[in-house]
Every structure is written in C-alpha cells, then in structure tokens.
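For reference, the structure is listed below as structure tokens.
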Amino acid sequence: MQDVDDQDADGGRPADVDIAIAGLPPGPARDELVRLVAIARKFTAQQCGRRPGTLAKYMQDLLRNEAPPGTFAELLLELERQAILRDQRGPQASPIERVNRAMETVTYHAPGSGARRITFKTLRNHYTAAKNILLVDSRGA
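Numbers given in the numbering used here equal positions in the sequence shown, counted from 1, plus 46.
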C-alpha cells in the first residue's frame, strides 16, 4: 500500500517506480521492490549533505588569511596563539581552547555541544580538507 505523497497526481505510481518494476511479473518480489523504491525516494529526499562544523569553518577562515600556515607545525603554533588570545580576550576571540602537544590533542569550543577534544590526526585531516577546498575554490575563481 502506498502513501498519498508517493503517488502521482492521477493516483498512479511515480515514474521511477514504474521503470524499476517494468520487467518484473506481478508477485511478492515486485511488491517488495516497489516498497524499497518508495523508501529510497523518501531517504534520498532527506539527504542534503554533511555541513561543515565549527572546526572545519575555522580552518577554512584561517587558511584564507593573508599569511596562512603552510605546514602542520605552523598550524599548531597559530592554534596555540589563538588559545592564548582566547584566554586573554574571552571566548569571542577564538574557538580554540587548548593545544596539548604531549597528548597530541586540541580542545576547541563547538557552539551547542561545548568543549570538544580532537587528536592531531583528526586536526591534520581537517587541515588537509580545508586546503583542498581552498585549492578547488581558487582554481574555479
């Protein structure tokens, strides 16, 4: 049984369902396929992609500066500087709370979820992704 929103204006099945079942004889396999296609349509409509989080946006902004950090070591120095600024000027200055080189972690503040700790490996992944995004943006411009 189909929902009303899964049907065309004339009350029939949507075109993609008709295409999917065109070669199948009536029976339980065909009915199961119709249900799966209907579920897939609803699921596809819900997916709008993963949105970048606080850290990803911050990394992109950091790399857009006139003198972006070129290496991971320079990035760590910049993040340590940002953590000091946060201590001096308050949370509005920077989302970076702490850089712990001994434990190889960075603590940052994510709005809505509070302090989050990530490893240097995750930080490297964010750094690389931000550099790649900016590289693609600069080629397109």
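Note that the Cβ used here is the ideal one computed from N, Cα and C, for glycine as well.
Name the two residues that bound the continuous beta strand (DSSP E) containing L156.
Inspection of the sequence shows that residue 156 is occupied by Ala rather than by Leu. A156: member of the beta strand (DSSP E) spanning 151–156, first to last residue.
Buried or exposed, going by whether 16 or more other CB atoms sit within 10 Å of the CB of P72?
By the 10 Å Cβ count, P72 comes out exposed.
Opening and closing residue of the beta strand (DSSP E) in which A161 lies
Per DSSP, A161 is one residue of the beta strand (DSSP E) stretching across 160–165.
Decide if S140 is buried, meaning its Cβ has at least 16 other Cβ atoms within 10 Å, or exposed.
The residue is buried, with at least 16 neighbouring Cβ atoms inside 10 Å.
Mapping DSSP to helix, strand and coil, what is E112?
Three-state DSSP puts E112 in coil, outside helix and strand.
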